[in-house]
Every structure is written in C-alpha cells, then in structure tokens.
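Quick note on numbering: the sequence shown equals residues 65 to 110 in our numbering. One structure is given here, and the rest of the page talks about it.
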Amino acid sequence: HGKGIGVQREIVRKVLSETDFVIEYANAPMFSGHWGATVVKLRVES
C-alpha cells in the first residue's frame with residue numbers, strides 16, 4: 065500500500081480487521097517495506 069500519508073494502509077487494515085479468515089496483521093519487517101507494507105496471517109480452512 066506504500067508509505068504515503070496512510071490512507072490506503074488504514075483502509076486495508078479496516079478490511080482486514082473485519083475479515084473472518086484473517087488471524088493477524090502487522091507492519092512488514094524493515095527489509096520488506098516496514099510500515100509501507102502489511103503482512104497478513106490467514107486462517108487455513110480445515
């Protein structure tokens with residue numbers, strides 16, 4: 065989503081927070097974009 069003023073980041077995180085199969089999300093590591101990217105952990109369907 066980039067490192068601009070955070071509008072897209074906030075939209076992405078709002079959608080993620082309302083999505084049942086998302087376990088968690090956070091900033092990417094420093095070497096992968098840090099706060100300019102979001103890493104998402106998804107629930108595996110059983």
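Backbone N, C-alpha and C define an ideal beta-carbon position, used for all residues, glycine too.
- Going by DSSP, Lys78 is part of no beta strand (DSSP E) but of the alpha helix (DSSP H) stretching over 71-81.
- Val104 has Tyr89 as its beta-bridge partners, per DSSP.
- About 4 Å separates the Cβ atoms of Ala92 and Ala101, confirming a contact at the 8 Å cut-off.
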